[in-house]
Amino acid sequence: MTKTQFFDEQERTVSVVGVDFSGGQPKAGVDQGPFQMVQFGVLDQIKELGWKVNFDGTFPNFQKLVPTEDPDIGRMKKPRAVSSVTRALADKVRLAAQKGHFALTLGGDHSIAIGTVSGTAAVHKDLCVIWVDAHADINTVESTDSGNLHGCPVSFLMGLNKPDVPQFEWVQPCLTPDRIVYIGLRDVDPAEKKILKELGIKAFSMHEVDRYGIGKVVDMALEHVNPHNNRPIHLSFDVDALDPTVAPATGTPVRGGLTFREGHYICEAIAETGLLVAMDMVEVNPALGDDNGLLQTVTVGCSLVRCGLGETLL
11 MTKTQFFDEQ ERTVSVVGVD FSGGQPKAGV DQGPFQMVQF GVLDQIKELG
61 WKVNFDGTFP NFQKLVPTED PDIGRMKKPR AVSSVTRALA DKVRLAAQKG
111 HFALTLGGDH SIAIGTVSGT AAVHKDLCVI WVDAHADINT VESTDSGNLH
161 GCPVSFLMGL NKPDVPQFEW VQPCLTPDRI VYIGLRDVDP AEKKILKELG
211 IKAFSMHEVD RYGIGKVVDM ALEHVNPHNN RPIHLSFDVD ALDPTVAPAT
261 GTPVRGGLTF REGHYICEAI AETGLLVAMD MVEVNPALGD DNGLLQTVTV
311 GCSLVRCGLG ETLL
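The following block contains the structure:
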């Protein structure tokens, strides 16, 4: 398949949404990630690849949706903030997809995927998701120990929280176990392991990356989640999937992660399918690490985006 299956070569447009939101986890600074990536030039880099960029020069002020008071609901921390922001984000991503644009979301913490995937799936009904992350992010609101909702987006997208959770009734389950696959896992909670096994969700941990190599892992992941090569793909990439030596400025680093080239190969190979319609780049936290660590992490985030949009080595 060509790279232009979903996007006309002459008119292909990327709608960029920056999400200045950190409420899905406790560490300040991740809301500044999208600003740093834009300041580093990611928009011009995208244009150099031949894409038009739909970005009006400002970010939506998602912070205005965060309530002044947001007490816990059960174990959930900041549930109203997460719900309000992700609901508004879902609308923006949906509108971008309806226009036939590639939806690129720069986060922010990974709770925003509740909105991004919901928005993409509202238009691309047979959507499949490739989730690149050190963590499975599939805790339910009952199983989460921390209560931080950046560890729960997949459970919302799959409708695993029953009965419906207050504040999140708007989220329509849009994923089934056969339409999501993980790459890069290495820090998975016991409850999450149980969910993955019970639902038969395919996951390639770093053990499989070590055993088979990243090329074979990506091939197997695509074959599983998109067996007929006809489903549109949403790539949700948490920068902590990379080893901390590669991307140190992130909130939940875990040693033993993907190398620089392994991370880029994933994006390159998915772009080559011609089926990628949306991408999240999340958890870049400028407040963590020194200046070199920040520059390193922002640089790699931008280069992963470029690879997802078709940049190749030759």
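The opening position of the sequence shown corresponds to residue 11 in this note's numbering, with each subsequent residue numbered one higher.
Note that CB positions come from ideal geometry on N, CA and C, so glycine has one too.
Are residue i and residue j close, meaning C-beta to C-beta below 8 angstroms?
| i | j | result |
| --- | --- | --- |
| G118 | D101 | no |
| V367 | F166 | Any answer about residue 367 is impossible in this case: the structure gives the chain only from 11 up to 324. |
| V76 | A91 | yes |
| S246 | D188 | no |
| T78 | G125 | no |
| P44 | D30 | yes |
| L195 | A213 | yes |
| H274 | C312 | no |
| H111 | S25 | yes |
From residue i to residue j, what distance separates their C-alpha atoms?
| i | j | result |
| --- | --- | --- |
| V256 | E152 | 33 angstroms |
| T23 | V292 | 21 angstroms |
| K204 | G267 | 22 angstroms |
| G28 | G223 | 33 angstroms |
| N236 | E278 | 16 angstroms |
| A281 | D229 | 13 angstroms |
| A106 | A123 | 15 angstroms |
DSSP state of residue i, grouped into three classes?
| i | result |
| --- | --- |
| G311 | helix |
| L245 | strand |
| Q306 | helix |
| T23 | strand |
| V211 | Note on residue identity: the sequence assigns Ile, not Val, to residue 211. DSSP places I211 in coil when its eight states are reduced to three. |
| V219 | helix |
| D174 | coil |
| A288 | strand |
| G273 | helix |
| L232 | helix |
Comparing alpha-carbon positions, which option in the options lies nearest residue i?
| i | options | result |
| --- | --- | --- |
| R85 | D250, L159, G60 | L159 |
| I140 | F17, L323, I243 | I243 |
| A251 | C162, T269, D220, H238 | T269 |
| F17 | D41, G60, V40, Q46 | G60 |
Next item on the list: Jot down the residue ranges of each uninterrupted alpha helix (DSSP H) in the stretch 104-172, minimum 4 residues, whole runs only, in chain order.
Entry: 123-133, 163-167
Notebook entry, point to check: What are the start and end residues of each continuous alpha helix (DSSP H) run of 4 or more residues lying completely inside the stretch 30-94, in chain order?
Noted result: 43-49, 52-58
Checklist line | Segments of 3+ residues assigned as beta strand (DSSP E) that fall wholly inside the stretch 181-212 | finding: 190-195
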